[in-house]
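Asker: For the sequence shown, counting from 1, position 80 maps to 197 in my numbering; every step adds exactly one.
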Amino acid sequence: MILLAVIALATLAANGAGQLRLAAAGFLAVSLTATWIAWGTASGGQLAVAGCAGLVAAALLYVAAGDGGYGEEPGWRLWAATMIAAAATPAAFASFRTITDATQLPLLGADAAGVTVQVAAFWLLSSGVAILLTARSAVRTSLGALLMITGVQLLVRLVGGSQLTFTLLFAWLEVVIALVGAFLVVNERAAREA
118 MILLAVIALA TLAANGAGQL RLAAAGFLAV SLTATWIAWG TASGGQLAVA
168 GCAGLVAAAL LYVAAGDGGY GEEPGWRLWA ATMIAAAATP AAFASFRTIT
218 DATQLPLLGA DAAGVTVQVA AFWLLSSGVA ILLTARSAVR TSLGALLMIT
268 GVQLLVRLVG GSQLTFTLLF AWLEVVIALV GAFLVVNERA AREA
């Protein structure tokens, strides 16, 4: 339960940040929390790959910001995205969950049934979609896409069988999304300064 609160607060911090560097730091917190949530459902190597991909993605956005003042004030977009995500997460969990029996959630750590993983994944997916719906620039678009891919990474943990292929695929996809976001941010900054 505590990890779900931490991932929700980290998502809100990343979404509410006015500077891209703060949003990158918020995304790093989201990525590390998602890795911690997946602790019980993935191997150490898979967790290391996912954690490193989140670190690289956050570093790319941090460097692309160029200075501490660059970013976008979210304004009403923060509240609209939060309300959309808060409504979509329980609806998605009720519709798409794979757990049918009631289970007791631990206070800290992942549960054996995967409820924490699913709720966190649905939160990240719905938050990412909501941010993309309200995005005005490359800063928020990049953040929304990165949150969505992190949610997908969590859902993949619940797939049976070997997950190494999926782990590597989504880790690379996260880095590519961060590279594209950094490219768009750099071009947007150049256009503003010209």
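From the three backbone atoms N, C-alpha and C, an ideal C-beta is built for every residue, glycine too. Predicted, not measured: the structure shown is a model, and the values here were computed from it.
Measure the alpha-carbon distance for Ile-266 versus Leu-249 and round it to whole angstroms.
Answerer: The alpha-carbon atoms of Ile-266 and Leu-249 are separated by roughly 13 Å.
Asker: Taking DSSP as the reference, what is the three-state secondary structure of Gly-188?
Answerer: Here Gly-188 sits in strand by DSSP.
Asker: Which parts of the stretch 138 to 211 are runs of the beta strand (DSSP E), unbroken and 3 residues or longer, counting only runs that do not cross its ends?
Answerer: The stretch 138 to 211 contains no whole beta strand (DSSP E) run of 3 or more residues.
Asker: Whole alpha helix (DSSP H) runs in the stretch 221 to 282 with 4 or more residues, listed along the chain?
Answerer: Here the runs fully enclosed are 232 to 251, 255 to 273.
Asker: For the pair the stretch 239 to 254 and the stretch 187 to 202, tell me if three or more CB-CB distances fall below 8 Å.
Answerer: The stretch 239 to 254 vs the stretch 187 to 202: in contact.
Asker: Are there three or more Cβ pairs, one per stretch, closer than 8 Å when the stretch 176 to 187 is compared with the stretch 157 to 165?
Answerer: Judged by Cβ distances under 8 Å, the stretch 176 to 187 makes no contact with the stretch 157 to 165, as fewer than three pairs qualify.
Asker: Rounded to whole angstroms, what is the Cα-Cα separation between Val-234 and Glu-310?
Answerer: Whole-angstrom Cα-Cα distance: 43 Å.
Asker: Leaving out five residues on either side along the sequence, give the residues of the same chain with a beta carbon under 6 Å from the beta carbon of Leu-272.
Answerer: The residues are Ala-238.
Asker: For the ligand PLP, I want to know if Ala-141 counts as a neighbour, meaning its beta carbon is within less than 6 Å of at least one of the ligand's heavy atoms.
Answerer: No copy of the ligand PLP occurs in the structure displayed, which carries no ligand at all.
Asker: Going straight from the alpha carbon of Leu-301 to that of Leu-264, what length do you get?
Answerer: For Leu-301 and Leu-264, the distance between alpha carbons rounds to 17 Å.
Asker: Please go through the same chain and pick out, in chain order, the residues whose beta-carbon is closer than 6 Å to the beta-carbon of Ala-141, but skip the five residues on each side of it.
Answerer: Counting only Cβ-Cβ distances below 6 Å, and skipping sequence neighbours, we find Ala-175, Leu-178, Tyr-179.
Asker: So, is Trp-240 buried or exposed, given that buried needs 16 or more other C-beta atoms within 10 angstroms?
Answerer: By the 10 Å Cβ count, Trp-240 comes out buried.
Asker: Ordered along the chain, which non-local residues of its own chain (more than five positions away) have a Cβ less than 8 Å from that of Pro-209?
Answerer: The residue asked about is misnamed: residue 209 is Ala in this sequence, not Pro. The residues are Phe-239, Leu-242, Ser-243.
Asker: Less than 6 Å between C-beta atoms, sequence neighbours within five positions excluded: which residues of the same chain meet that for Ala-130?
Answerer: Taken in chain order, the residues that qualify are Gly-143.
Asker: What's the gap between the Cα of Gly-188 and the Cα of Ala-134?
Answerer: Going by the C-alpha atoms only, they are around 8 Å apart.
Asker: Leaving aside the five residues before and after Leu-145 along the sequence, list all residues of the same chain whose C-beta is less than 6 Å from its C-beta, in chain order.
Answerer: Closer than 6 Å at Cβ, skipping near neighbours: Ala-175.
Asker: Less than 7 Å between the beta carbons of Thr-150 and Ala-127, yes or no?
Answerer: In contact: Thr-150 and Ala-127 (Cβ atoms closer than 7 Å).
Asker: Could you check if Leu-120 is buried or exposed, using at least 16 other CB atoms within 10 Å of its CB as the buried criterion?
Answerer: With 16 or more other Cβ atoms within 10 Å, it is buried.
Asker: Quick one, are the C-beta atoms of Ala-247 and Ala-202 less than 7 Å apart?
Answerer: Cβ atoms of Ala-247 and Ala-202: closer than 7 Å.
Asker: Do Leu-139 and Val-256 have their beta-carbon atoms positioned less than 7 Å apart in this structure?
Answerer: No, the Cβ-Cβ distance between Val-256 and Leu-139 is not below 7 Å.
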